[in-house]
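Visitor: My questions all concern the structure below.
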Amino acid sequence: MTGWLAIAGLGPGDEALVTPEVTQAVADATDIVGYIPYVARIAPRDGLTLHPSDNRVELDRARHALDMAMQGRRVVVVSSGDPGVFAMASAVFEALEDAPQYHALDIRVLPGITAMLAAAAHAGAPLGHDFCAINLSDNLKPWELIEHRLRLAAQAGFAMAFYNPRSASRPAGFPRVLDILREECGQGRLITFARAVSTPDERIETVTLAEATPEMADMRTVVIVGNADTRRVGRWVYTPRRAG
Ligand code: SAH
Numbered sequence: 099m100t101g102w103l104a105i106a107g108l109g110p111g112d113e114a115l116v117t118p119e120v121t122q123a124v125a126d127a128t129d130i131v132g133y134i135p136y137v138a139r140i141a142p143r144d145g146l147t148l149h150p151s152d153n154r155v156e157l158d159r160a161r162h163a164l165d166m167a168m169q170g171r172r173v174v175v176v177s178s179g180d181p182g183v184f185a186m187a188s189a190v191f192e193a194l195e196d197a198p199q200y201h202a203l204d205i206r207v208l209p210g211i212t213a214m215l216a217a218a219a220h221a222g223a224p225l226g227h228d229f230c231a232i233n234l235s236d237n238l239k240p241w242e243l244i245e246h247r248l249r250l251a252a253q254a255g256f257a258m259a260f261y262n263p264r265s266a267s268r269p270a271g272f273p274r275v276l277d278i279l280r281e282e283c284g285q286g287r288l289i290t291f292a293r294a295v296s297t298p299d300e301r302i303e304t305v306t307l308a309e310a311t312p313e314m315a316d317m318r319t320v321v322i323v324g325n326a327d328t329r330r331v332g333r334w335v336y337t338p339r340r341a342g
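In the working numbering, each residue carries its 1-based index in the sequence shown increased by 98.
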């Protein structure tokens with residue numbers, strides 16, 4: 099049996115947003131590897147072994163998946179959203195750096211719909227012009243770098259999407275982010291809190307920075323800040339395609 103490894107994005111939650119390519123890879127797989135809540139989205143069946151693991155063990159998880167593929171198994175590493183956006187694809191390539199014995203393996207990255215795109219779609223079109231994405235977790239980078247990028251992105255006039263905005267272990271970070279945004283963008287700038295997008299718990303709320311409070315975000319929220327032209331129309335929010 100020829101082994102392979104697919105690193106697949108399961109999308110933001112709704113089954114209708116899983117690509118046919120990912121569905122096929124899961125149907126062909128012998129093993130599914132990933133963080134516990136993502137593996138829980140895969141229906142068990144005969145011949146399929148599920149390998150859920152805790153967060154923060156990305157490299158071990160990647161090596162385990164590569165080992166199984168080398169042994170001839172058909173392995174899908176699952177991420178939520180897109181596997182290349184703050185997720186497992188980079189961890190697999192990092193594991194490959196010091197493991198040339200894996201380089202001949204059949205490895206594919208299967209894209210998925212990332213949280214910010216699903217959130218933007220459900221809010222209207224807040225990312226309709228130039229934008230950037232910033233991970234607000236300081237688990238893997240210093241807080242100073244987050245603040246630096248945030249200020250420069252705001253000054254450059256980008257709309258911004260923030261992943262991992264707020265968690266119990268980092269209570270001070272997001273209030274600070276809101277303060278910096280008010281300083282750089284002004285009180286009237288629109289900010290959208292999109293929680294659990296495409297699931298039954300979905301809640302999307304757009305307010306001004308003056309009205310925004312830290313409690314509006316949690317770890318199931320992606321936050322989108324518009325640019326200076328972002329505006330409301332009816333119940334939607336959008337960014338015009340023209341600028342300057
Ligand atoms: N690879 C994922 C991101 C993983 S980081 C992707 O492409 O979407 C985890 C963060 O993604 C969460 O803290 C949250 O900010 C965001 N996120 C993931 N799924 C979400 C959803 N359904 N609704 C809102 N935000 C989501």
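Think of the CB as a built atom: it goes at the ideal place given N, C-alpha and C, for glycine as much as any other residue. In this text the structure is predicted, and so the values were computed from the model without any measurement.
Nearest to Trp-334 by CA position, among Ile-302, Thr-100 and Met-314, is which residue?
Guide: In the sequence shown, the residue the question calls residue 334 occupies position 236. Checked all of Ile-302, Thr-100 and Met-314; the closest Cα to Trp-334 is Ile-302.
Visitor: Would you mind stating whether Phe-272 and Ile-232 have Cβ atoms separated by less than 8 Å?
Guide: Within the sequence shown, numbered from 1, the residue matching residue 272 stands at position 174. Within the sequence shown, numbered from 1, the residue matching residue 232 stands at position 134. Their beta carbons are not under 8 Å apart, which means Phe-272 does not touch Ile-232 by this criterion.
Visitor: Just the C-alpha distance for Thr-311 and Arg-280, rounded to the nearest angstrom, thanks.
Guide: As a position in the sequence shown, residue 311 is number 213, starting the count at 1. As a position in the sequence shown, residue 280 is number 182, starting the count at 1. Roughly 12 Å separates the two Cα atoms.
Visitor: If you drop the 5 nearest sequence neighbours on each side, which residues of the same chain put their C-beta closer than 7 Å to that of Ala-125?
Guide: Taking the first residue of the sequence shown as 1, we reach residue 125 at position 27. Counting only Cβ-Cβ distances below 7 Å, and skipping sequence neighbours, we find nothing.
Visitor: Can at least three beta-carbon pairs, one atom from the stretch 129-149 and one from the stretch 170-188, be found at a separation below 8 Å?
Guide: The answer is yes - the stretch 170-188 touches the stretch 129-149, with three or more Cβ pairs under 8 Å.
Visitor: Between the alpha carbons of Pro-263 and Leu-248, how many angstroms are there, rounded?
Guide: In the sequence shown, counting from the first residue as 1, residue 263 sits at position 165. In the sequence shown, counting from the first residue as 1, residue 248 sits at position 150. Each residue's alpha carbon lies about 13 Å from the other.
Visitor: Taking 7 Å as the cut-off, does the CB of Arg-293 come closer than this to any heavy atom belonging to the ligand SAH?
Guide: On the sequence shown, position 195 is the one that residue 293 refers to. Yes, the beta carbon of Arg-293 sits closer than 7 Å to at least one heavy atom of the ligand SAH.
Visitor: Can you tell me the Cβ-Cβ gap for Ile-244 and Thr-290, rounded? I've got them flagged as a contact below 8 Å.
Guide: As a first step, residue 244 is located in the sequence shown; it is residue number 146 there, counting from the start. As a first step, residue 290 is located in the sequence shown; it is residue number 192 there, counting from the start. Rounded, the Cβ-Cβ distance is 20 Å, inconsistent with contact.
Visitor: How about Ile-211 and Leu-307: do their beta carbons lie closer than 8 Å?
Guide: Indexing the sequence shown from 1 puts residue 211 at position 113. Indexing the sequence shown from 1 puts residue 307 at position 209. The answer is no: Cβ separation not under 8 Å.
Visitor: How far does the beta strand (DSSP E) with Tyr-261 in it extend, from its first residue to its last?
Guide: Residue numbering aside, residue 261 sits at position 163 when the sequence shown is read from its first letter. Per DSSP, Tyr-261 belongs to the beta strand (DSSP E) from 257-261.
Visitor: Taking 8 Å as the threshold (C-beta atoms), are Ala-160 and Ala-138 in contact?
Guide: Your numbering for residue 138 matches position 40 in the sequence shown. Your numbering for residue 160 matches position 62 in the sequence shown. No. Outside cutoff.
Visitor: Quick one, which of Asn-237, Leu-157 and Ala-167 has its alpha-carbon nearest Ser-267's?
Guide: Taking the sequence shown and counting its residues from 1, one reaches residue 267 at position 169. Out of Asn-237, Leu-157 and Ala-167, Asn-237 has the C-alpha closest to the C-alpha of Ser-267.
Visitor: Give the list of continuous beta strand (DSSP E) stretches no shorter than 3 residues that lie fully inside the stretch 271-322.
Guide: DSSP runs (the beta strand (DSSP E)) wholly in the stretch 271-322: 288-293 and 301-306.
Visitor: Can Tyr-261 be considered in contact with the ligand SAH, in the sense that its beta carbon sits closer than 7 Å to one or more heavy atoms?
Guide: Along the sequence shown, one-based indexing puts residue 261 at 163. Checking every heavy atom of the ligand SAH against the Cβ of Tyr-261, one is found closer than 7 Å.
Visitor: Starting from Arg-247, trace the alpha helix (DSSP H) both ways and give me its first and last residue.
Guide: Locating residue 247 in the sequence shown gives position 149, counting from the first residue. Run containing Arg-247: 241-253, per the alpha helix (DSSP H) assignment.
Visitor: Does the Cβ of Arg-143 have 16 or more other Cβ atoms within 10 Å, making it buried, or fewer, making it exposed?
Guide: Within the sequence shown, residue 143 is the residue found at index 45, counting from 1. Exposed, by the Cβ-count rule.
Visitor: State the beta-bridge partners of His-149 as determined by DSSP.
Guide: Position 51 of the sequence shown holds residue 149. Answer is Val-131, bridged to His-149.
Visitor: Find out if the Cβ-Cβ distance for the pair Leu-208, Ala-104 is shorter than 8 Å.
Guide: As a first step, residue 208 is located in the sequence shown; it is residue number 110 there, counting from the start. As a first step, residue 104 is located in the sequence shown; it is residue number 6 there, counting from the start. Result yes, Cβ atoms of Leu-208 and Ala-104 sit closer than 8 Å.
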